[in-house]
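A.B. asks:
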Amino acid sequence: MTGWQIVLLAAIACLALKLLGYLIPAKVLERPIIARTAGLVTVALLAALVSVQTLASGTTIVLDARVPALGVAAVLFALRVPFVLVVIAAAATAALVRLLFGG
Amino acid sequence: MARRGSRASSGASPHGPNPNGSAADESAGGSTDGSTAGSTAAVDRAAARAGIAVGLATAAYGISFGALAVAAGLDIWQTCVLSLLMFTGGSQFALVGALAAGGLAAGPSGIISAALLGARNSLYAVQVKPIIGGGFWRKVLAAHVTIDETTAVATAQPTLRAKRIGFWVTAAAVYIGWNLLTLVGAIIGDALGDVRQYGLDAAAAAAFLGLLWPRLRARQPIVVAVGAVVVAASLTPWLPPGLPVLCAAGVALIVGLANWPGPGASRDPVASEPREAEA
């Protein structure tokens with residue numbers, strides 16, 4: 001696939017899902033099994049993305065500056081610091097660790 | 104696009120951090136609880152202010168998306184088309200993350216991850232549709248901007264009118280801010296080269312954590328999250344980039360369809376979905 005094909009297909013898929021929500025009767029989407037499973041799929045994907053974004057480098061698992069950065073983010077989220085500030089703090093932590101220790 | 108709408112909007116809504124399904128149900132009747140001391144105009148202004156605050160916060164975060172997308176190998180135009188057309192931050196980061204790790208070969212699994220993550224927007228329509236009203240084209244426009252932020256701000260407002268204002272102001276503010284700053288981020292990323300040096304890879308991980316955080320309030324999602332982390336990490340050495348994340352989604356399907364560990368685990372399964380509007 002080319003870059004454009006990937007970009008357009010993915011965008012159209014997400015757009016179609018948004019429209020689908022307006023077309024499907026609310027009663028269907030509110031069924032417990034649908035609401036529960038869709039909610040859990042979101043949780044699983046986000047958790048997996050946290051895991052991969054923090055630990056994976058291609059197909060290897062690496063412990064690098066991203067790990068302390070994520071730790072800082074977790075503490076700040078627990079302290080209910082606003083989202084954007086946490087993201088900036090995580091980036092700054094990783095940048096600082098790399099500056100001090102290399103890699 | 105990933106932020107806690109509840110934070111900004113709770114400043115506008117005296118109901119506190121509870122933009123849940125009940126907010127949509129109470130519809131226009133919500134203003135009778137005595138918490139709206141001011142006039143209708145004050146409530147409307149508060150809704151608009153919340154929308155603009157969310158828009159500004161989201162925009163700031165668009166820079167990191169733009170820079171990461173370019174670092175993942177997309178050009179500036181492709182990056183901007185993603186923000187204009189896909190317009191749902193979690194999915195955009197998921198796609199770009201897959202491409203960064205596995206190149207174009209990871210495209211198919213990246214597309215599926217993005218779509219699965221975007222499926223939550225379909226469920227937001229349940230809450231947003233009664234707020235929007237109007238004809239076919241208004242619904243189409245609303246659908247495109249039915250995302251975490253707009254749903255959270257809209258449902259947190261006390262009156263139907265304020266919900267409507269909150270929705271559209273947030274939509275406009277986030278759409279403009281997110282797309283402008285995506286472009287800025289892409290241009291900066293193009294000029295910077297290695298964004299790892301600035302910790303932008305860690306920023307993406309923190310962003311996903313921030314989206315996840317407010318969803319971990321019952322046993323079932325916590326079990327799923329831990330399972331997904333383990334599955335994704337342990338499959339990483341064995342599968343091409345992108346696929347471990349998809350396999351982790353399988354954990355949710357199994358737990359969700361079987362409703363394990365028991366119906367009592369998640370206190371109210373239906374309400375757990377609207378709660379996501381906080382992210």
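In the order they appear, the protein sequences are chains F and A.
First residue of the first sequence? That's 1 in the numbering used here, and the numbers climb one at a time after it.
First residue of the second sequence? That's 104 in the numbering used here, and the numbers climb one at a time after it.
Even for Gly, the Cβ is constructed at its ideal location relative to N, Cα and C.
With a cut-off of 8 angstroms, do at least 3 Cβ pairs link the segment 273–292 of chain A to the segment 83–95 of chain F?
C.D. replies: no
A.B. asks: Looking at the secondary structure, which residues open and close the alpha helix (DSSP H) in which A195 (chain A) lies?
C.D. replies: Counted from its first residue, the second sequence places residue 195 (chain A) at position 92. Per the sequence shown, the amino acid found at residue 195 (chain A) is Gln instead of Ala. Run containing Q195 (chain A): G192 to G205, per the alpha helix (DSSP H) assignment.
A.B. asks: Helix, strand or coil for N123 (chain A)? Go by DSSP, reduced to three states.
C.D. replies: On the second sequence, residue 123 (chain A) is found 20 positions in, with the first residue counted as 1. Because the pLDDT of N123 (chain A) is 36, which lies under 50, any placement of that residue in the model is unreliable, and the number read from its coordinates should be weighed accordingly. Note: N123 (chain A) maps to coil in three-state DSSP.
A.B. asks: Do you know how far the Cα of G359 (chain A) is from the Cα of P36 (chain F)?
C.D. replies: Taking the first residue of the first sequence as position 1, residue 36 (chain F) is located at position 36. Taking the first residue of the second sequence as position 1, residue 359 (chain A) is located at position 256. Checking the sequence, you will find Arg at residue 36 (chain F) rather than Pro. About 6 angstroms.
A.B. asks: Interface residues of chain A around G3 (chain F) at Cβ under 9 angstroms?
C.D. replies: Taking the first residue of the first sequence as 1, we reach residue 3 (chain F) at position 3. Neighbours of G3 (chain F) on chain A, chain order: G176, L177, D178, Q181, L202, L207 and G210.
A.B. asks: Where does S57 (chain F) fall in DSSP's three states?
C.D. replies: The sequence position of residue 57 (chain F) within the first sequence is 57, counting from 1. Note: S57 (chain F) maps to strand in three-state DSSP.
A.B. asks: Might you give, ordered along the chain, the residues of its own chain that have their beta carbon closer than 8 angstroms to the beta carbon of V28 (chain F), omitting 5 neighbours on each side?
C.D. replies: Locating residue 28 (chain F) in the first sequence gives position 28, where the first residue counts as 1. Non-local C-beta neighbours of V28 (chain F) in its own chain, meaning closer than 8 angstroms and more than five positions away in sequence, comprise I34, ordered along the chain.
A.B. asks: I need the straight-line Cα distance from S216 (chain A) to V62 (chain F), nearest angstrom please.
C.D. replies: If you number the second sequence from 1, residue 216 (chain A) lands on position 113. If you number the first sequence from 1, residue 62 (chain F) lands on position 62. Going from the Cα of S216 (chain A) to the Cα of V62 (chain F) covers about 22 angstroms.
A.B. asks: Residues of chain A with CB closer than 8 angstroms to the CB of T63 (chain F), please, in chain order.
C.D. replies: In the first sequence, counting from the first residue as 1, residue 63 (chain F) sits at position 63. Position check: residue 63 (chain F) holds Leu in this sequence, whereas Thr was assumed. Correct list: empty, because the minimum Cβ distance to chain A is about 11 angstroms.
A.B. asks: What does R322 (chain A) reach in chain F if we use C-beta pairs closer than 7 angstroms?
C.D. replies: As a working note, residue 322 (chain A) is residue 219 in the second sequence. Result: empty, since nearest Cβ-Cβ is about 12 angstroms, beyond 7 angstroms.
A.B. asks: Compare the C-beta of G58 (chain F) against all C-beta atoms of chain A and say whether one is closer than 7 angstroms.
C.D. replies: Indexing the first sequence from 1 puts residue 58 (chain F) at position 58. Yes, G58 (chain F) lies at the interface with chain A (some Cβ there is under 7 angstroms from its Cβ).
A.B. asks: Please report how far the alpha carbon of V248 (chain A) lies from the alpha carbon of L100 (chain F), in whole angstroms.
C.D. replies: Here residue 248 (chain A) refers to the residue found at position 145 of the second sequence. Here residue 100 (chain F) refers to the residue found at position 100 of the first sequence. If you take the alpha carbons of V248 (chain A) and L100 (chain F), they lie about 42 angstroms apart.
A.B. asks: Determine the contact status of G345 (chain A) and G176 (chain A), defining contact as a CB-CB distance below 7 angstroms.
C.D. replies: Numbered from 1 along the second sequence, position 242 holds the residue referred to as residue 345 (chain A). Numbered from 1 along the second sequence, position 73 holds the residue referred to as residue 176 (chain A). Taking 7 angstroms as the Cβ cut-off, G345 (chain A) and G176 (chain A) do not qualify as a contacting pair.
A.B. asks: What are the uninterrupted segments assigned as alpha helix (DSSP H) that are 4 or more residues long and contained completely in the segment 270–332 of chain A, given in chain order?
C.D. replies: 303–315
A.B. asks: Beta carbons nearer than 8 angstroms to chain A: which residues of the segment 11–32 of chain F have them?
C.D. replies: A11, I12, A13, C14, L15, L17, K18, L19, L20, G21, Y22, I24, A26, L29, E30 and P32
A.B. asks: If we cut at 7 angstroms on Cβ distances, does F101 (chain F) have a partner in chain A?
C.D. replies: By one-based count along the first sequence, residue 101 (chain F) stands at place 101. It does not; no Cβ of chain A falls within 7 angstroms.
A.B. asks: Helix, strand or coil for E30 (chain F) per DSSP?
C.D. replies: Looking up residue 30 (chain F) in the first sequence gives position 30. Coil at E30 (chain F), not helix or strand.
A.B. asks: Following the continuous alpha helix (DSSP H) through D147 (chain A), name the residue where it begins and the one where it ends.
C.D. replies: Translated into the one-based positions of the second sequence, residue 147 (chain A) becomes position 44. Here the alpha helix (DSSP H) through D147 (chain A) covers T143 to A174.
A.B. asks: Mind checking if L85 (chain F) is an interface residue toward chain A, Cβ cutoff 7 angstroms exclusive?
C.D. replies: Residue 85 (chain F) sits at position 85 when you count from the first residue of the first sequence. Output row for L85 (chain F): interface = no.
A.B. asks: Nearest to G71 (chain F) by alpha carbon, out of A:A163, A:L312 and A:A351?
C.D. replies: Along the first sequence, read from residue 1 onward, the residue named residue 71 (chain F) stands at position 71. When each option's Cα is compared against that of G71 (chain F), the closest is A:L312.
A.B. asks: With a cut-off of 8 angstroms, do at least 3 Cβ pairs link the segment 261–281 of chain A to the segment 6–25 of chain F?
C.D. replies: no
A.B. asks: Hey, does V75 (chain F) have any beta-carbon neighbour from chain A nearer than 7 angstroms?
C.D. replies: On the first sequence, position 75 is the one that residue 75 (chain F) refers to. Chain A, which has no Cβ nearer than 7 angstroms to the Cβ of V75 (chain F), makes this no.
A.B. asks: Which two residues bound the contiguous alpha helix (DSSP H) that contains D64 (chain F)?
C.D. replies: Sequence index remark: in the first sequence, residue 64 (chain F) carries index 64 (1-based). No alpha helix (DSSP H) contains D64 (chain F), which DSSP labels as neither H nor E.
A.B. asks: Determine, using beta carbons only, whether V41 (chain F) comes closer than 7 angstroms to chain A.
C.D. replies: Within the first sequence, the letter at position 41 stands for residue 41 (chain F). Taking Cβ atoms only, chain A reaches closer than 7 angstroms to V41 (chain F), which makes this a yes.
A.B. asks: So, is R239 (chain A) buried or exposed, given that buried needs 16 or more other C-beta atoms within 10 angstroms?
C.D. replies: Residue numbering aside, residue 239 (chain A) sits at position 136 when the second sequence is read from its first letter. Arg is not the amino acid found at residue 239 (chain A); the sequence shown has Phe there. Exposed, by the Cβ-count rule.
A.B. asks: For A309 (chain A), which option in F:A69, F:L79 and F:R98 has the closest C-alpha, if you only look at C-alpha atoms?
C.D. replies: Walking along the second sequence from the start, residue 309 (chain A) turns up at place 206. Nearest option by C-alpha distance: F:A69.
A.B. asks: Could you check whether the Cβ of V354 (chain A) sits closer than 7 angstroms to any Cβ belonging to chain F?
C.D. replies: For the purposes of this step, residue 354 (chain A) is taken as residue 251 along the second sequence, with counting starting at 1. Chain F, which has a Cβ nearer than 7 angstroms to the Cβ of V354 (chain A), makes this yes.
A.B. asks: Measuring straight from C-alpha to C-alpha, what distance separates R152 (chain A) and E252 (chain A)?
C.D. replies: Position 49 of the second sequence, counted from the start, is the residue given in the question as residue 152 (chain A). Position 149 of the second sequence, counted from the start, is the residue given in the question as residue 252 (chain A). Whole-angstrom Cα-Cα distance: 13 angstroms.
A.B. asks: Less than 7 angstroms between the C-beta atoms of R264 (chain A) and T42 (chain F), yes or no?
C.D. replies: On the second sequence, residue 264 (chain A) is found 161 positions in, with the first residue counted as 1. On the first sequence, residue 42 (chain F) is found 42 positions in, with the first residue counted as 1. Contact flag unset, no.
A.B. asks: Among F:A65, F:L79 and F:F77, which one has its Cα closest to the Cα of Q300 (chain A)?
C.D. replies: Against the second sequence, residue 300 (chain A) aligns to sequence position 197. Of F:A65, F:L79 and F:F77, the residue nearest in Cα terms is F:A65.
A.B. asks: Verify the CB distance criterion: does L46 (chain F) have a CB-CB separation below 7 angstroms to chain A?
C.D. replies: The count along the first sequence starts at 1 and reaches residue 46 (chain F) at position 46. Yes, its Cβ sits closer than 7 angstroms to a Cβ of chain A.
A.B. asks: Compute the distance between the beta-carbons of L40 (chain F) and V327 (chain A), then report whether it is under 7 angstroms.
C.D. replies: Along the first sequence, read from residue 1 onward, the residue named residue 40 (chain F) stands at position 40. Along the second sequence, read from residue 1 onward, the residue named residue 327 (chain A) stands at position 224. The answer is yes: Cβ separation under 7 angstroms.
A.B. asks: What residues from chain F crowd round W316 (chain A), counting only those whose CB sits closer than 7 angstroms?
C.D. replies: Taking the first residue of the second sequence as 1, we reach residue 316 (chain A) at position 213. The answer, in chain order, is F77.
A.B. asks: Using a Cβ-Cβ cutoff of less than 8 angstroms, which residues in the same chain neighbour S225 (chain A) once the five nearest sequence positions on both sides are dropped?
C.D. replies: Along the second sequence, read from residue 1 onward, the residue named residue 225 (chain A) stands at position 122. Once the five neighbours on either side are set aside, S225 (chain A) has no close Cβ partner at all.
A.B. asks: Restricting to runs no shorter than 3 residues, where is the beta strand (DSSP E) found entirely within the segment 219–249 of chain A?
C.D. replies: List check, beta strand (DSSP E) in window: nothing returned.
A.B. asks: Can you check which of these residues, A:R241, A:L283, A:S142 and A:G154, is closest to G165 (chain A) by C-alpha distance?
C.D. replies: Residue 165 (chain A) sits at position 62 when you count from the first residue of the second sequence. It is A:L283 whose Cα lies nearest to the Cα of G165 (chain A).
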